[in-house]
Every structure is written in structure tokens, then in C-alpha cells.
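Have a look at the structure below, then the notes.
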Amino acid sequence: MNLSAFADLLASRGLRLLPSSHAVPVELLVQLPDATIARFTARGTTLRLRQYSPDALTSIVIAAECGCGDHHPRTGPNRVTLSKYAVPVAERVLDGELLFGWQHHEAGALRLPDASTHFFTLLNELTATTTEAAAAATEETRSLVGVA
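Note that the working numbering has the sequence shown beginning at 103, numbered continuously upward.
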């Protein structure tokens with residue numbers, strides 16, 4: 103599976119793969135249906151999914167190689183990425199050392215098809231927790247009013 107096939111899989115579930123994602127090592131930026139951003143990384147022995155608010159995205163301009171303006175424009179393409187000041191609002195982690203006996207960099211060596219199963223597992227946990235928290239907040243703000 104390549105990134106375009108994975109993007110199609112995400113689109114079928116109402117999710118959008120953002121352009122700064124890459125397959126080796128796996129690092130995915132995904133826009134969720136509620137416009138929040140999920141960042142999935144596979145590094146060392148850890149698989150991590152962090153959720154960010156929609157305003158955590160920023161755009162940076164990549165400078166052209168020569169930058170002289172004679173051969174190339176002085177500015178290059180824009181890249182969408184997370185702001186370095188972005189703070190996650192939620193996080194889920196799989197510790198590969200505890201779960202699978204990984205000892206070095208096995209998570210970083212995962213191919214996209216193998217990592218995607220872990221991505222969907224963590225995403226399901228994250229969205230279930232977020233839904234439960236929203237329901238609890240709604241319940242707390244309800245008032246029971248008696249009618250005569």
C-alpha cells in the first residue's frame with residue numbers, strides 16, 4: 103500500500119490525509135471529520151497518535167535552492183505542517199516493548215500497511231474517549247426542572 107491508496111482508504115472513512123505525511127518512517131497527518139488534526143508516528147519502539155486542534159496547522163514556505171531570482175523564484179512551495187508550538191489535546195500510545203517485545207527501532211521499521219492497523223486501533227480509542235468526554239460534559243450541564 104502506498105500513500106495514495108492509504109489516502110483513498112481514509113477518504114472512504116471521512117478522513118483526509120494531509121500533504122506532509124510520509125510512509126518511511128511512518129508519519130501521518132490526518133484531518134478528522136470534526137476538523138481536528140491527528141498525527142500518527144512510528145518511532146523507536148513506540149506508536150503514538152496525538153490529536154490537535156484545527157488551528158495547530160501552519161504553512162511554511164520552502165526557499166528555492168539558489169534563491170537568486172534569476173533562475174528560480176525567490177520563494178518555493180508552501181508546506182502544511184503542525185506548528186512547533188502546537189500542544190496535543192489528547193494522546194494514545196502503544197508501547198511496542200511491552201506489547202510486542204520490541205527492543206530497538208521496530209516501530210520505525212514498520213511498513214505503512216502494518217502501521218495502518220495500529221493507526222486505526224489508536225484512532226478508535228481516541229475517538230471513543232473523546233465521545234465519552236463530550237457526553238459526560240453534556241450530562242453535567244443538564245438541569246432537571248419539575249413541571250406541575
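All C-beta atoms in this analysis are idealised placements derived from N, C-alpha and C, irrespective of residue type, glycine included. From a predicted model like this one, the values you see are computed outputs, not experimental measurements.
What span of residues does the alpha helix (DSSP H) with E199 cover, start to end?
Its alpha helix (DSSP H) spans residues 198-202.
Let me know the secondary structure DSSP gives E129 once reduced to three states.
Correct three-state label for E129: strand.
Identify whether N104 lies in helix, strand or coil by the three-state DSSP scheme.
coil
I'd like to check one pair, I139 with L112: are the Cβ atoms closer than 8 Å?
no
Please classify A144: is it buried, with 16 or more other beta-carbons within 10 angstroms of its beta-carbon, or exposed?
buried
My output table needs one value for P179: the three-state DSSP class, helix, strand or coil.
In the structure shown, the three-state DSSP call for P179 is strand.
Could you check where the beta strand (DSSP E) with V191 kicks off and where it finishes?
No beta strand (DSSP E) contains V191, which DSSP labels as neither H nor E.
State the beta-bridge partners of R118 as determined by DSSP.
Q133
What do you get for F108, buried or exposed, if any count of 16 or more other CB atoms within 10 angstroms of its CB means buried?
buried
In chain order, what residues of the same chain lie with their CB nearer than 6 Å to the CB of S185, ignoring the 5 residues before and after it?
Around S185: A158, T160.
Cα-Cα, which of T231, L149, V132 is closest to R141?
Closest by C-alpha distance to R141, out of T231, L149, V132, is V132.
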